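This report refers to the structure that appears directly beneath it.
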Amino acid sequence: EGLLEINTADLQLFPTIVVEKMIKALKLNSREARLRFPRLLQIIERYPAETLGLVTRELSSVPCWQFIGWISQMMALLDKDEAVAVQHTIEEIANTYPQAIIYPFMVSSESYCFKDTATGCKNKEFVERIKNKLDRGGVVQDFVLSLEQLSNPIMLFKDWVEDVTNELVKAQRNKNKLKEMYQRLYKNLGNSEAPGLGLLRKRFIQAFGKEFDHHFGKGGLKLLDMTPSDLDAIATSLISKMNKTHKEPGNLKECSPWMSEFKAEFLRNEIEVPGQYDGKGKPLPEYHAKISGFDERIRVMESLRKPKRITIRGSDEQEYPFLVKGG
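Under our numbering, the first residue of the sequence shown carries the number 302, and numbering increases by one thereafter.
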């Protein structure tokens, strides 16, 4: 029994010891510790009482570039109680290497759900502050919107139906969430006034924008009391019509006029070619290739989600193939 008690006491200390040693290794620039950083984040979530204060204090003295390879994992914490542990590191990366963080940040910030508590409010304020800090000229936002234009609208609709079905089957459905979901659908696939629309997306919106309002109600009103089987019947009918009218793009301009007409010299801020931050060493953004243009050719790949392959032209006169998997 005495031995069991000692072991239990040791076990309570164990998370703190692991965290202390890992942070010490990170400070000594250990590659192995860097690779195990996601495990550290899991420990914080599982043992916040023992480790949260320690990590919040100590992580700020580790150079922020060491965590660039794990930005997506840190993003997943920003609407949770443990966000404070990584906020300093996230802010440092946003200040020093903004283009390393802007894409995962934009993707994650759309789906955050902050708690209605003092900590939740602080976390929301932090995310807003980072959002205002990144992409001040709005150029990267334009680039991201253009990439979204390459997504297959039928795939986007199918994904939306799946998400909504998951909400409709709940015993207590969240009607505000359903309204937000419909607004997101309409913004992406129903609003003909949205900026940067290519010819193919415009045609899709003209064909189905009014159908969405007809079936789901203005602002998603009919959706709130819909049964999963009703949604399934409507979706099956709409997807059948979509498949009959869908055409794949023949060139980049049909999807994204912004990319097709891109002129780097007219931009306030340069955009780096994505994928140049590997987290293996301290980045040197001044030597990174910048986007100088896009090839007009576009290739639709054969896999299930029909990703598009485009070619980015770099300021170093190299061509960079880029696979857009959004839909």
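Note that beta-carbon positions come from the ideal geometry of N, C-alpha and C, so glycine has one too. Note that the structure is a prediction, hence the values are computed from the model and not measured.
For residue i, report the span of its alpha helix (DSSP H) as first-last.
{"i": "isoleucine 431", "result": "419-434"}
{"i": "arginine 502", "result": "500-517"}
{"i": "alanine 350", "result": "349-359"}
{"i": "proline 496", "result": "It is not in any alpha helix (DSSP H) - proline 496 carries neither H nor E in the DSSP assignment."}
{"i": "methionine 456", "result": "454-469"}
{"i": "alanine 334", "result": "332-336"}
Leaving out the 5 sequence neighbours to the left and right, which residues in its chain are closer than 7 Å to residue i when beta-carbon positions are compared?
{"i": "leucine 605", "result": "none"}
{"i": "glutamate 383", "result": "Ile345, Glu346, Pro349 and Leu353"}
{"i": "leucine 304", "result": "Note that leucine 304 scores 46 on pLDDT, short of 50, meaning its location in the model is unreliable; the coordinates nonetheless yield the value given after this. Excluding positions up to five away in sequence, the list is empty."}
{"i": "serine 530", "result": "none"}
{"i": "arginine 502", "result": "Gln450 and Pro454"}
{"i": "cysteine 556", "result": "Gln450, Leu451, Gly499, Leu501, Pro550 and Ile599"}
{"i": "arginine 337", "result": "Met323"}
{"i": "serine 493", "result": "Lys503, Ile506, Gln507 and Gly510"}
{"i": "glutamate 359", "result": "Ile324"}
{"i": "tyrosine 413", "result": "Leu379, Asp380 and Val428"}
Which same chain residues end up closer than 6 Å to residue i when comparing Cβ atoms and leaving out the 5 residues on each side of it in sequence?
{"i": "leucine 524", "result": "Leu479, Tyr483 and Phe517"}
{"i": "leucine 312", "result": "none"}
{"i": "leucine 341", "result": "Met323"}
{"i": "glutamate 393", "result": "Cys365"}
{"i": "glutamate 351", "result": "Pro316 and Thr317"}
{"i": "alanine 334", "result": "Met323, Ala326 and Leu327"}
Excluding sequence positions up to five away, which residues of its chain have a Cβ less than 8 Å from the Cβ of residue i?
{"i": "methionine 602", "result": "Pro608, Lys609, Arg610 and Leu624"}
{"i": "tyrosine 398", "result": "Cys365, Trp366, Ile369, Tyr578, Pro584 and Pro586"}
{"i": "cysteine 422", "result": "Phe415"}
{"i": "glutamate 302", "result": "Low confidence applies to glutamate 302: its pLDDT is 44, below 50, so where it sits in the model is not reliable enough to give any reading."}
{"i": "aspartate 443", "result": "Gly497 and Trp559"}
{"i": "glycine 615", "result": "Val574, Ala590, Lys591, Ile592, Ser593 and Tyr621"}
{"i": "serine 409", "result": "Ser373, Met376, Ala377 and Leu379"}
{"i": "threonine 390", "result": "Leu360, Ser361, Val363, Cys365, Phe368 and Met375"}
Which of the three DSSP states is assigned to residue i in this structure?
{"i": "phenylalanine 415", "result": "coil"}
{"i": "glycine 303", "result": "Per-residue confidence for glycine 303 stands at a pLDDT of 45, beneath the threshold of 50, marking its modelled position as unreliable; the derived number appears in the next sentence. Looking at glycine 303 - three-state DSSP - the assignment turns out to be helix."}
{"i": "glutamate 624", "result": "The amino acid at residue 624 is misidentified as glutamate; the sequence shows leucine. Leucine 624 falls in the strand class under three-state DSSP."}
{"i": "glutamate 481", "result": "helix"}
{"i": "glutamine 343", "result": "helix"}
{"i": "serine 447", "result": "helix"}
{"i": "asparagine 396", "result": "helix"}
{"i": "glycine 370", "result": "helix"}
{"i": "glycine 520", "result": "helix"}
{"i": "methionine 323", "result": "helix"}
{"i": "alanine 401", "result": "helix"}
{"i": "serine 409", "result": "helix"}
{"i": "glutamine 473", "result": "coil"}
{"i": "alanine 386", "result": "helix"}
{"i": "threonine 317", "result": "helix"}
{"i": "alanine 534", "result": "helix"}
{"i": "aspartate 380", "result": "coil"}
{"i": "proline 364", "result": "coil"}
{"i": "leucine 329", "result": "coil"}
{"i": "methionine 527", "result": "coil"}
Under 8 Å from any heavy atom of the ligand FAD, does the C-beta of residue i make it?
{"i": "serine 530", "result": "No copy of the ligand FAD occurs in the structure displayed, which carries no ligand at all."}
Would you say residue i lies against chain D (beta-carbon separation less than 9 Å)?
{"i": "lysine 607", "result": "Included in the structure is just one protein chain, with no chain D present."}
Item to check | Three CB pairs or more closer than 8 Å across the stretch 361-369 and the stretch 397-415 | outcome: yes
Next on the checklist: Extract the residue ranges of the beta strand (DSSP E) inside the stretch 537-621, only unbroken runs of 3 or more that lie entirely within it.
Outcome noted: 592-595 and 609-615
Item to check | contact_flag[the stretch 457-473, the stretch 537-556] where n(CB pairs < 8 Å) is 3 or more | outcome: yes
Item to check | Three or more C-beta pairs below 8 Å linking the stretch 545-558 and the stretch 372-391 | outcome: no
Checklist entry - Are the stretch 427-438 and the stretch 498-511 touching, with three or more C-beta to C-beta distances below 8 Å? => result no
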